[in-house]
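For reference, the structure discussed in these notes is given below.
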DNA sequence: GAGTGGTCTAGACCACCCT
DNA sequence: GGGTGGTCTAGACCACTCC
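Chains as they are written, first to last, in UniProt numbering: chain A, 1 to 247; chain B, 1 to 247.
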């Protein structure tokens, strides 16, 4: 076995060796890597040390372990999404409702978009792409709306539903950050606690002064990235992203 | 000890209990939490299980352990940064050069901004704020520039240096994603492997057709977030972020 | 020297999957 | 039933800090 670096601890050298094998294609995407017992024998370390290395690789999104089956190299497929559009997401994506409740916004991470303190309609759903969950969305809307509209929220993009009822988004405030996965997100994506996720907090002001939409989009880091372009030539410090963009 | 959930494994219940104590203020920011030995006794589990819980909390950015000293609750201080400005970063920040080399862009994560394949001037530096490293910046610039300009790159923002020499940024392409920390970033920020980071890949087209700037900004997730606002009223699908913004 | 966290080990049990 | 990964344990050694 070739040791890439000295002064690395055992589980680190094992981790990096496996990582480089994945990069080199020795362990191919979607196919299993040797069991902890075999790796333990090959590297001459205890199974616990191997498990530690594999756990770190899981946390970094390189592999996935399934109890009873084995450990597999993760296929990488990241979606690059333009930021400067009204729709929260894709047209081709399928939406699966999770829950519709009435809640106050308690998540401290939402503080940066200054949400109201009263209870609002809370719609949670997952958006799927390519037969895998892509983002987990939590949307908060003012409750004083018709009940039939509320029904539609669970299965469609909130913006689309509002638009259909003549309510237009006039301003969007977005905060993008990274955060370790916790709670619901772990279960939905099957990722371990602390797994890096990309988060998009949003606040949408609409043409109806009574209707403001708040929410969070959350996706595992290896599934989604955001993109935005600025053109500084068309005015002093103004941004005109990519001109027109009608579907 | 109160157990928040059943059907959680031991290290999970320990982890969540400690997490809630931090949230409640029982364990205050910047102050030490009990040692693994004490926690092990209190919870009635082995020290290894406690260590496992603490390691997960470290990976989530809640605590910091220093060998020989103890484990401390991390103070949270995140900087919210507007995206729609030319300068890569703050004015009040201090810059510490790391290295100036000549390299090809090899990082596969840069592929999304389509960098050139030839070798370029590569400037690495850290930007500090509030006596702590805030972001790690890697900038690539075309090499055909005066040597004295190259000298300035290490200690100043690239955009500022170019501007001083009459070269203006006309277009900016940005890709934002999250990624687990690896390599240099771990050392600089003192974070464990796999720690979630926020990344900003950029490509800047300048008024000089020979000069295009590529680069990556990388920051621990708990140090930085990005912000951007869109106003859809001023034209069909055009974005005019927050009007004027001169310092 | 006492206490700390980090690493590594051997060994055990479980739930799960597959044949 | 044999193999897998996940969990938990007891015990050891090290490097480090602080007194």
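All residues carry an ideal CB built from backbone N, CA and C; glycine is no exception.
Contact with chain B is found for residue 176 (chain A), since one of that chain's Cβ atoms lies less than 9 Å from the residue's Cβ. In this structure, the alpha-carbon of residue 176 (chain A) lies about 24 Å from that of residue 118 (chain A). In terms of Cα proximity to residue 116 (chain A), the closest of A:124, A:104 and A:134 is A:104.
Its Cα nearest to that of residue 145 (chain A), the residue A:211 stands out among A:231, A:211 and A:66. Interface annotation, residue 135 (chain B): not in contact with chain A, CB-CB separation never under 9 Å. Not a single C-beta of chain A is nearer than 9 Å to the C-beta of residue 29 (chain B). For residue 129 (chain B), the enclosing beta strand (DSSP E) covers residues 120 to 129. With a cutoff of 9 Å on beta-carbon distance, residue 193 (chain B) and residue 186 (chain A) are scored as not near each other. Per DSSP, the unbroken alpha helix (DSSP H) holding residue 164 (chain A) starts and ends at 158 to 164.
When DSSP states are grouped into helix, strand and coil, residue 112 (chain B) belongs to the helix group. Contact of residue 173 (chain A) with chain B by beta-carbon distance below 9 Å involves 227, 228, 229 and 230. Restricting attention to B:58, B:161, B:97 and B:156, the CA atom closest to the CA of residue 16 (chain B) is found in B:58. When 8 Å is used as the limit between beta carbons, residue 180 (chain A) is near these residues of chain B: 59, 60, 61, 196 and 221, in chain order. In the displayed model, residue 77 (chain A) falls within coil according to three-state DSSP, outside both helix and strand. The straight-line gap separating the alpha-carbon atoms of residue 129 (chain A) and residue 95 (chain A) is approximately 9 Å.
For residue 204 (chain B), no alpha helix (DSSP H) encloses it; the enclosing beta strand (DSSP E) starts and ends at 196 to 206.
Sorting A:111, A:20 and A:158 by C-alpha distance to the C-alpha of residue 121 (chain A) places A:158 at the top. Between residue 80 (chain B) and residue 219 (chain B), the C-beta gap is not smaller than 9 Å, which leaves the two residues out of contact. Interface annotation for the UniProt domain "HTH gntR-type" (8 to 76) of chain B against chain A: 56, 59, 60 and 61, criterion Cβ-Cβ distance under 7 Å. Annotated as distal: residue 200 (chain B) and residue 167 (chain B), with beta-carbon spacing of 9 Å or more.
Where residue 39 (chain A) is concerned, the enclosing alpha helix (DSSP H) starts and stops at 36 to 43. Per the DSSP secondary-structure output, residue 216 (chain B) pairs in a beta bridge with B:138 and B:201. Distances from the CA of residue 110 (chain B) to each of B:162, B:52 and B:179 were compared; the closest alpha carbon is that of B:179. For residue 203 (chain A), same chain residues with a beta-carbon under 6 Å away, outside a window of 5 residues either side, are 113, 173 and 214 in chain order. A residue is called buried once 16 or more other Cβ atoms fall within 10 Å of its Cβ, and residue 106 (chain B), having fewer, is exposed. Here DSSP, grouped into helix, strand and coil, assigns residue 14 (chain A) to helix. Residue 103 (chain A) sits in a strand when the DSSP states are folded into three classes.
The beta carbon of residue 99 (chain A) sits no closer than 9 Å to any beta carbon of chain B. Among the residues of chain B, those whose CB is under 9 Å from the CB of residue 112 (chain A) are 78, 80, 225 and 227, following chain order.
Beta bridge pairing from DSSP links residue 178 (chain B) with B:198. In the structure shown, residue 228 (chain B) adopts extended strand secondary structure according to DSSP, grouped into three states. For a Cβ distance threshold of 7 Å, residue set 170 of chain A lies close to residue 233 (chain B), ordered along the chain. DSSP places residue 47 (chain B) inside the alpha helix (DSSP H), whose first and last residues are 47 to 59. Listed in chain order, the non-local C-beta contacts of residue 46 (chain B) below 7 Å within the same chain comprise 40, local neighbours out to five positions each way being set aside. In this structure, the alpha-carbon of residue 230 (chain A) lies about 20 Å from that of residue 137 (chain B). Not a single C-beta of chain B is nearer than 9 Å to the C-beta of residue 210 (chain A).
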